[in-house]
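To start, the structure under review is shown below, and the notes come after it.
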Amino acid sequence: MRGGERPNWLGALIAFLWLAVVVVPIYWIVITSLKSQSTYFATNPMLPSPDSNFDQYKFVVESDFPRYFLNSVVVSVGTVVPTVLLAFMAAYAIVRGNGRFLRWANTLFLSGLAIPLQAVVIPVYLIIIRLQLYDTLLAIILPSIAFAIPLSVLVLANFIRDVPKELFESMRMDGASEWATMWQLAFPLTRPALVTVSVYNGLTVWNGFLLPLILTQSPAQRTLPLALWTFQGQYSVNVPAVMASVVLSTLPVVVLYALGRRQLVSGLTAGFSK
Amino acid sequence: MDLKTAGFNTTSRRTFLTAALGAPVLAALVAACGGSGPSRSANSGGGAPGSASYWFLTSQPQEGIRTDAVERFNAANPDQQIAFTTFQNDAYKTKIKTAIGAGEAPTIIYGWGGGTLRSYVDAGQVDDLTPWFDENPAVKDRLFPSAFGPATVDGRIYAMPAETVQPIILYYNKQVFDDVGVEPPQSWGDILDLVPKFNAKGIAPFSLGGQSRWTEMMWLEFLFDRVGGPEVFAAAYNGEENAWSNPAAIDALTKVQDLVKADGFVKGFSSITADSNADQALLYTGKAAMMLHGSWTYAAMSTDGGDFVSTGKLGYTNFPAVEGGKGDPTNTFGNPAMYLSLYSKATDEQKDTAKKFFATGILSDDQIKQWIDIGTVPIVQGTQDMLSSSKDADFLQFVYQLSTTAGNFGQSWDQALSPTGAETLLDNIARLFQLSISPQQFAENMNQVIGK
Amino acid sequence: MTAAPPGVRLRRPASRSVHDNRVAFLAVPALFVFVAFAVVPLLGVFLLSFTQWDGIGPIVPNGLDSWRSVLTDPALPHTVWVTFLLMVVSWAIQTPASLLIGAFLAGRHRYREWLAVLYFIPLLLSTAAIAITYKALLDPNFGLGVGMGIPLLSQDWLGRDALALGVVIFIVSWQFVPFHSLIYQGAIQQIPRSLYEAAQLDGAGRCRKFFAITLPQVRYTIVTSSTLMVIGSLTFFDLVFVLTGGGPGDATRVLALDMYRRGFQANLMGPASVIAVILVLIGLLLALLLRRLGGGTPSHSQLDGA
Chain A
169 MRGGERPNWL GALIAFLWLA VVVVPIYWIV ITSLKSQSTY FATNPMLPSP
219 DSNFDQYKFV VESDFPRYFL NSVVVSVGTV VPTVLLAFMA AYAIVRGNGR
269 FLRWANTLFL SGLAIPLQAV VIPVYLIIIR LQLYDTLLAI ILPSIAFAIP
319 LSVLVLANFI RDVPKELFES MRMDGASEWA TMWQLAFPLT RPALVTVSVY
369 NGLTVWNGFL LPLILTQSPA QRTLPLALWT FQGQYSVNVP AVMASVVLST
419 LPVVVLYALG RRQLVSGLTA GFSK
Chain B
79 MDLKTAGFNT TSRRTFLTAA LGAPVLAALV AACGGSGPSR SANSGGGAPG
129 SASYWFLTSQ PQEGIRTDAV ERFNAANPDQ QIAFTTFQND AYKTKIKTAI
179 GAGEAPTIIY GWGGGTLRSY VDAGQVDDLT PWFDENPAVK DRLFPSAFGP
229 ATVDGRIYAM PAETVQPIIL YYNKQVFDDV GVEPPQSWGD ILDLVPKFNA
279 KGIAPFSLGG QSRWTEMMWL EFLFDRVGGP EVFAAAYNGE ENAWSNPAAI
329 DALTKVQDLV KADGFVKGFS SITADSNADQ ALLYTGKAAM MLHGSWTYAA
379 MSTDGGDFVS TGKLGYTNFP AVEGGKGDPT NTFGNPAMYL SLYSKATDEQ
429 KDTAKKFFAT GILSDDQIKQ WIDIGTVPIV QGTQDMLSSS KDADFLQFVY
479 QLSTTAGNFG QSWDQALSPT GAETLLDNIA RLFQLSISPQ QFAENMNQVI
529 GK
Chain C
12 MTAAPPGVRL RRPASRSVHD NRVAFLAVPA LFVFVAFAVV PLLGVFLLSF
62 TQWDGIGPIV PNGLDSWRSV LTDPALPHTV WVTFLLMVVS WAIQTPASLL
112 IGAFLAGRHR YREWLAVLYF IPLLLSTAAI AITYKALLDP NFGLGVGMGI
162 PLLSQDWLGR DALALGVVIF IVSWQFVPFH SLIYQGAIQQ IPRSLYEAAQ
212 LDGAGRCRKF FAITLPQVRY TIVTSSTLMV IGSLTFFDLV FVLTGGGPGD
262 ATRVLALDMY RRGFQANLMG PASVIAVILV LIGLLLALLL RRLGGGTPSH
312 SQLDGA
């Protein structure tokens, strides 16, 4: 345990300053979600309105919101799980293997790191249409996996490289196949990187806007970021309603995080010297 | 422990792999397939495959009026159905472009006409409707003639005008004017006189949502027109070389910068966007005295501004004349209408359905009444009686007068120009208002994209 | 394989790669999806950069014209500069902040749990929501500063060049520091206590411990976190688009935004594709650089000597 003797004043100060910075916008989001569009400009933006109500929440829920939420979950999980598995296997191969094919694959992955989504969106659109996948959640999932792979491979490969060679040697001496070694040795030891990659990709896809916009159309396939549309008109944005939908879409995830935080953090720690 | 006995053998490893990868993908497939048929939720609807498709914008109450029109049509025409989907404004603009580019556009293409329509025409993506209008003169004649300008490319009509007319209006807060003891401006000189008077009282002379850029463009449109007449912009639009260096243009550009330098606009205008309605709020909360904005803001101000509109505190007039200017002070700018085009790659059956919809579904009597009820003026001639009996009679009659008696109704520049030109224009306008480029530089930059 | 009798070495020569082809197939699934949905479109974009296309009509090959028009565009250096500035400054702000906060959360405090949950929330908000929120908070007439009566906060935040860029950097940090501090927290909690105890016995204070022990031990985490930050900021688009649209003027026009404007708003798909190719090349370069900096193949674990 670090620094347990003297209270860490500087650390506490910075922490609370940062807390203020984090909390103020969140506070604003909550009180605004309780206002109505007509009183929104009339009241002090930093104070709750005297007649706060849940009208905006009712409005949001009635606009097909649960459906969008479910779609977002399906897309996020459906992207993250395959990405992590595929990227892990590829990273393992690149680190443990040799030969031209793998070196070439590695460089190819690296070149895919900074692909700007807006640029490739039209060719992707064409491919999806030809595959007859337009307006399905799979249309969002497949390209999302493809774009998430390069960075995941990079991060995972860096981590796998760090696993002591002695451990691999001892596995091999015991007669384990590469496949077994991969899942039984490397996979558990790479847990921190796996968690990092999962969270990063999960959040990217959860908030992803462009792919759902281009590759889906009907409201039944919409994801949460598109749901904010309902409140964005040609000329104006119903800010309180947007804030209500933000609260509704974030709350379940916050609860999930609060409950699963211990697991998450312990997943990020792994020791090699067991 | 001996890893070999505990390890995977070949077949179970394949199973594991398939299961691990297949499960989520399968789940997604199932979920995806479940929802891929036509759905009956509030935002989408319509008939069987083979029916015409129609995409339009969200946001109530306009969305409801458009939806009603389609549903009425579908009910009256059981074997000619229209399937519709709604999109948010910016999302729609990206979406329609991708769709057309990939050859998958809807039958009825909703748009703003002008330069974008021209780009569709040049690419052969929309049908020439002139013959159809010739066969159906009744459809054409009942609409405002000025609505057909933006729908016309090289003398042929490529879109059906629809919905309402939206001129740009100079709004003012009557209460603020009374408090300060001044009259609404009748000329540019008046405006410059009013500026220091309002500033002295801590009230911004003009509200402006500058970050949106097209709000700043409105100022230029009017100044160009009042100083040199519509010919100035027309020259640029028609591709004349160095059209932007016309002395009248430079004069107008200089006047705008004069106003900025005199603190004519609310402090921090470059951070305010129009779509948050913050600029309107400045007017109805009395923090600003005047605002140059589109007629659509009237409805928003009525609902959001408390009793501002209902107690008659909102004043409105046309942009005043500029002393010594050549322009006709009755000229106005804005959106003469919204436009519906016919996708050239749709099937004949779909096109017939669409044309029937144009003739019977758009601006039917029912729809006219709906538009008027929400405080807008449909582009149909002869609705004065209905307007005068509506609850926003004064305003609507003002808009009707303005639109129908204007010497020239100019289309918003960013819609009239090609998308390439529009982008450069908005970019330079933002810099002009930031005072980071001079009028001459503006002219030079714009001259580069003439005809592009 | 049976156990070898003692003294007999049956091991094959030690090498990292034993069965190339056996391992190589593992990379195939990832490669397949990647090639199908990312490389093929990327090739399409590369080809598009040699054409002129407005997104609507026919595609017309025009050789190097699009390349020339982009590379000679006087506004390009500025765009690259803004992107670079955004990348570097946001890294410079996020990394120390995440390190400190991660270290703080790794310690033991009563309220740590609550803080950790609250700190994480910005990460869960969608970029559109964040942009709308901040636009409202920073409104010079109806925003935070006015509401709380603090003139200093009622600046023309999004209307002045330097301020706007600063705001974008701040909001990016606000959104992503939770993520990186989580990573650092995990890494720091992994550092064996014995190292600290030993330093304590040697009389090292808190600062010394941080710089001499904590930092070196999380070196590889810094590389990972920095890679994510830098690569992520290269294609950063959503927030800037909604918040400032690249403005005021072009003060916050990053490469990805410039590409979007050229392609989707000015209908110049050729030049837009050129910028896309440039972005990909920069990303590749950065990745190679980071790999070199982070130490290509460490031959020993960081925990040696623990």
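First to last, the sequence lines map onto chains A, B and C. The number in my numbering is simply the position in the first sequence, starting from 1, with 168 added. The number in my numbering is simply the position in the second sequence, starting from 1, with 78 added. The number in my numbering is simply the position in the third sequence, starting from 1, with 11 added. No residue lacks a Cβ here, since even glycine has one placed at the ideal position from N, Cα and C.
Buried or exposed by the 16-neighbour rule on C-beta atoms within 10 Å, applied to residue i
i, result
"Phe190/C", "buried"
"Glu261/B", "exposed"
"Leu215/A", "exposed"
"Leu42/C", "buried"
"Glu346/A", "buried"
"Arg509/B", "buried"
"Ser354/B", "buried"
"Ser119/B", "Any reading at Ser119/B must be qualified, since the residue scores a pLDDT of 28, below 50, and its modelled position is unreliable; the value itself is stated next. With fewer than 16 other Cβ atoms within 10 Å, it is exposed."
"Val99/C", "exposed"
"Arg383/B", "The sequence shown places Gly at residue 383/B, not Arg. Flag for Gly383/B reads buried."
"Glu124/C", "exposed"
"His371/B", "buried"
Among the options, nearest to residue i - alpha-carbon criterion
i, options, result
"Ile104/C", "Phe275/C, Pro282/C, Val179/C", "Val179/C"
"Ser237/C", "Thr349/A, Ser217/A, Leu319/A, Leu187/A", "Leu319/A"
"Met416/B", "Val387/B, Val273/B, Ile350/B, Val455/B", "Val455/B"
"Pro107/C", "Arg303/C, Ile194/C, Arg204/C, Asn278/C", "Ile194/C"
"Ile296/A", "Leu254/C, Phe48/C, Arg303/C", "Phe48/C"
"Ile269/B", "Ala340/B, Phe311/B, Phe226/B", "Ala340/B"
"Leu503/B", "Phe386/B, Thr438/B, Leu331/B", "Leu331/B"
"Arg430/A", "Ala35/C, Gln196/C, Asp261/C", "Gln196/C"
"Ser201/A", "Asn266/A, Val373/A, Phe315/A, Phe222/A", "Phe222/A"
"Ile186/B", "Ala327/B, Leu135/B, Gly383/B", "Leu135/B"
"Asp168/B", "Val51/C, Leu292/C, Gly68/C, Arg272/C", "Arg272/C"
"Gly256/C", "Ser348/B, Ala312/B, Asp336/B, Ile328/B", "Ser348/B"
"Gly74/C", "Leu87/C, Thr90/C, Phe57/C", "Phe57/C"
"Ile452/B", "Trp133/B, Phe165/B, Glu182/B, Arg144/B", "Arg144/B"
"Pro85/C", "Asp261/C, Gly118/C, Lys146/C, Asp150/C", "Asp261/C"
"Gly460/B", "Ala153/B, Arg220/B, Ile160/B, Thr172/B", "Arg220/B"
"Met368/B", "Ile247/B, Asp329/B, Lys429/B", "Ile247/B"
"Pro213/A", "Leu149/C, Pro133/C, Ala114/C", "Leu149/C"
Residues bridged to residue i (per DSSP)
i, result
"Trp133/B", "Thr163/B"
"Met416/B", "Ala240/B"
"Leu248/B", "Leu370/B, Thr395/B"
8 Å Cβ cutoff, residue i in contact with chain C
i, result
"Ile199/A", "no"
"Ile497/B", "Per the sequence shown, the amino acid found at residue 497/B is Pro instead of Ile. Yes, Pro497/B counts as interfacial toward chain C."
"Ala340/B", "no"
"Gly280/A", "yes"
"Val231/B", "no"
"Tyr198/B", "yes"
Proximity test, Cβ basis, 8 Å: residue i and chain A
i, result
"Asp382/B", "yes"
"Ala277/C", "no"
"Thr176/B", "yes"
"Thr138/C", "yes"
Short CB-CB distance (under 8 Å) between residue i and chain B
i, result
"Tyr293/A", "yes"
"Leu424/A", "no"
"Trp168/C", "yes"
"Leu381/A", "yes"
Closer than 9 Å at the beta carbon, the chain E residues around residue i
i, result
"Gln389/A", "In the structure shown, chain E does not exist; the protein chains are A, B and C."
Touch test, the stretch 278–292 of chain C against the stretch 75–83 of chain C, Cβ-Cβ under 8 Å, three pairs minimum: yes
Segment contact flag, the stretch 282–300 of chain A with the stretch 246–254 of chain C, C-beta cutoff 8 Å, min 3 pairs: yes
With contact counted as at least three CB pairs below 8 Å, one residue from each stretch, are the stretch 378–385 of chain A and the stretch 187–198 of chain A in contact? no
Is there contact between the stretch 486–496 of chain B and the stretch 407–414 of chain B, where contact requires at least three CB pairs shorter than 8 Å? yes
With a cut-off of 8 Å, do at least 3 Cβ pairs link the stretch 478–485 of chain B to the stretch 282–294 of chain B? no
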